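Note sheet for the following structure.
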Amino acid sequence: MAKVRKGIEVSIAMADAVAQANVDVIGAYPITPQTHIVEHLSEIVANGELDAEFVPVDSEHSAMSVCCGSAAVGARTFTSTSSQGLALMAEIFYIAAAMRLPIVMALANRSLSSPLSIWNDHTDTMMVRDAGWIHIFVENGQESYDNIFTAFRIAEDAGVMLPVAVNFDGFILTHMIEPIEYEDNDTIAKYLPAFKMKNTLHPDNPVSMGCFGMPEIYTEAQMQREDAIRKAYPTIIKAWKEWGDLTGRYYHPVETYRSEDADYCIVTMGSYGETAMEVVDSLREEGEKVGVVKIRLWRPFPMEEFRKAVLGKKTLIVLDRAISFGGPGGPVASELRSALYNKEGAPVIVNYVAGLAGRDVSRNDFRNIILEGKARAGKGDTEGFTLYGLRG
Amino acid sequence: MAKPMEQIKWQELEVGSVVIEVGNAKVYETGTWRSEKPVVNKEQCIKCGVCWLFCPDGCIVRAPEGHFEADLTYCKGCAICAKECPVGCITMISEEE
Numbered sequence: 000m001a002k003v004r005k006g007i008e009v010s011i012a013m014a015d016a017v018a019q020a021n022v023d024v025i026g027a028y029p030i031t032p033q034t035h036i037v038e039h040l041s042e043i044v045a046n047g048e049l050d051a052e053f054v055p056v057d058s059e060h061s062a063m064s065v066c067c068g069s070a071a072v073g074a075r076t077f078t079s080t081s082s083q084g085l086a087l088m089a090e091i092f093y094i095a096a097a098m099r100l101p102i103v104m105a106l107a108n109r110s111l112s113s114p115l116s117i118w119n120d121h122t123d124t125m126m127v128r129d130a131g132w133i134h135i136f137v138e139n140g141q142e143s144y145d146n147i148f149t150a151f152r153i154a155e156d157a158g159v160m161l162p163v164a165v166n167f168d169g170f171i172l173t174h175m176i177e178p179i180e181y182e183d184n185d186t187i188a189k190y191l192p193a194f195k196m197k198n199t200l201h202p203d204n205p206v207s208m209g210c211f212g213m214p215e216i217y218t219e220a221q222m223q224r225e226d227a228i229r230k231a232y233p234t235i236i237k238a239w240k241e242w243g244d245l246t247g248r249y250y251h252p253v254e255t256y257r258s259e260d261a262d263y264c265i266v267t268m269g270s271y272g273e274t275a276m277e278v279v280d281s282l283r284e285e286g287e288k289v290g291v292v293k294i295r296l297w298r299p300f301p302m303e304e305f306r307k308a309v310l311g312k313k314t315l316i317v318l319d320r321a322i323s324f325g326g327p328g329g330p331v332a333s334e335l336r337s338a339l340y341n342k343e344g345a346p347v348i349v350n351y352v353a354g355l356a357g358r359d360v361s362r363n364d365f366r367n368i369i370l371e372g373k374a375r376a377g378k379g380d381t382e383g384f385t386l387y388g389l390r391g
Numbered sequence: 000m001a002k003p004m005e006q007i008k009w010q011e012l013e014v015g016s017v018v019i020e021v022g023n024a025k026v027y028e029t030g031t032w033r034s035e036k037p038v039v040n041k042e043q044c045i046k047c048g049v050c051w052l053f054c055p056d057g058c059i060v061r062a063p064e065g066h067f068e069a070d071l072t073y074c075k076g077c078a079i080c081a082k083e084c085p086v087g088c089i090t091m092i093s094e095e096e
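If you read the protein sequences in the order shown, they are chains A and B.
The first sequence runs 0 to 391 under numbering that gives the first Met the number 0.
The second sequence runs 0 to 96 under numbering that gives the first Met the number 0.
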């Protein structure tokens, strides 16, 4: 693959990225809206363009099990899933992180049943928020392509050894044709050298993975995971910096747009950041001092960067894409409120849940959310969350 | 042999809590779990080894006389041996007695 800019479906570009990353094993089961990635990878392997094992499994539970097995022998391993597939995978998804297996997943974000829905929101990923995976959210096709490489680089770092999920919005990204710059294979090979695990499954040097842990050891095992994901942070920064130095495209845990002098900001994750920036541009023309704060790195949560970006603002309007039923607010807003609690200069948070299961959130909707949110903050109406666009 | 697990600090665990020492289940004395112990009637025992085969913990050993007995350091008292013995020569006796 040479360095080239092409108009291509984002899923296909992601599959191409996985091939360029020279993976050894793909264990995957097709599910909408991730299907094109897996189909295209299956083709690439069948055509002999990539020397890898494509394991077509009977379910997502098996897909993640295959991934655990292959990563455990030190093979570069990829999978992709969505929604119900992730739910079925959940048991092994947790185990992958606990066993510190550097699997990379393209997680095409989709709602969970029921009602049955194939469309996009963030309900699926929020279900596995606490599994111990590193979670990156991307906004467009280029970011999706790029972050396959950064994800492998982060996951396989000897000091990290954790699985990484690249979250990208179902349909809004998976099925969109976008201009994407491909990097040449030499650049990729330089950025992503072969990796070596300290302990692998090998008959010459037997080890036991995923052992039974009594109450006397479970707490210590969990602390090791907590320490690992926190310490992954500087490696993530470095991986993004080096990717930027190679390609000119830099990524940061928290990204802002016109927020420096803003009184208030809208906070987004994923593809909605693009719409938010456009709407902020037009509101700025009307004199509104508004900006955008985008959370790219969800786990490990970038506490300091987030605080630095928002302390001193009056209001944050947080856009969630999932409900925490009976909870204090949407999952993102709840965490941000917690991150700001008792901090001097903390903005108040107004929380909207919008765009559930693919319901379109237009520029006009963003405008309404931003202006209504600002007005509500002015009235002190900041409890809980509001389901935007709800009838009745 | 590995440290007893209640002495291991979290920093000392291998990445992913991988156990790199082969056969270290030996240091974990599961005999403390037991509420009943299997007692073999040596007269009745036909030395067939069915108990040895079925024991899920592999804690049954052959005595020099040829019959089989549980190693009480590891025997959890599950009673599978007593259930499977074709001549019924294994009796479960409460540890309290």
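Beta carbons: idealized from backbone N, C-alpha and C, even for Gly.
All figures in this text were calculated on a predicted structure; none of them were measured in a lab.
Item	Value
Alpha helix (DSSP H) runs contained entirely in the stretch 108-161 of chain A, provided each spans 4 or more residues	122-126 and 140-154
Where residue 75 of chain A falls: helix, strand or coil (DSSP)	coil
Interface partners of residue 205 of chain A on chain B, CB under 8 Å	21
For residue 339 of chain A, the first and last residue of its enclosing alpha helix (DSSP H)	330-339
Within-8 Å CB hit, residue 32 of chain B to chain A	no
CB contact check: residue 228 of chain A to chain B, cutoff 8 Å	no
Beta-carbon proximity of residue 19 of chain B to residue 198 of chain A, cut-off 8 Å	yes
Beta carbon of residue 147 of chain A nearer than 8 Å to that of residue 231 of chain A	no
Residue burial classification, residue 157 of chain A (beta-carbon count within 10 angstroms, cutoff 16)	exposed
Closer than 7 Å at the beta carbon, the chain A residues around residue 103 of chain B	Because chain B is modelled from 0 through 96, residue 103 of chain B falls outside the range shown and cannot be assessed.
Proximal chain B residues relative to residue 212 of chain A, where beta-carbon distance stays under 9 Å	4 and 16
Minimum length 3: unbroken beta strand (DSSP E) runs contained in the stretch 30-90 of chain B	35-39, 59-61 and 67-69
Inter-stretch contact at 8 Å, needing at least 3 Cβ pairs: the stretch 91-111 of chain A / the stretch 62-75 of chain A	yes
Cross-chain neighbours of residue 13 of chain B in chain C, by beta carbon under 7 Å	The chain inventory of the structure shown lacks chain C, comprising the protein chains A and B.
Distance between beta carbons of residue 255 of chain A and residue 290 of chain A, contact taken as under 8 Å	6 Å
Stretch-stretch touch, CB-based, cutoff 8 Å, three pairs: the stretch 72-86 of chain A with the stretch 101-118 of chain A	yes
Residue 25 of chain B at chain A interface by Cβ criterion, 8 Å	no
CB contact flag (residue 332 of chain A, residue 384 of chain A, <8 Å)	yes
Rounded straight-line distance, which links the Cα of residue 86 of chain B to that of residue 79 of chain B	14 Å
Near-chain A residues of the stretch 62-84 of chain B - C-beta to any C-beta below 9 Å	none
Expected contact under 8 Å - CB spacing of residue 131 of chain A and residue 228 of chain A to nearest Å	6 Å
Cutoff 8 Å: residue 99 of chain A Cβ touching any chain B Cβ	yes
Contact check, residue 297 of chain A vs residue 145 of chain A, beta carbons under 8 Å	no
Residue range of the alpha helix (DSSP H) that includes residue 42 of chain A	34-45
Limits of the beta strand (DSSP E) - the one that residue 27 of chain A falls within	24-27
Residue ranges of each alpha helix (DSSP H) within the stretch 214-288 of chain A, 4 or longer	214-246 and 271-284
CB of residue 94 of chain B within 8 Å of CB of residue 35 of chain B, strictly	yes
Enclosing beta strand (DSSP E) for residue 57 of chain A [first to last residue]	Run containing residue 57 of chain A: none; DSSP gives neither H nor E here.
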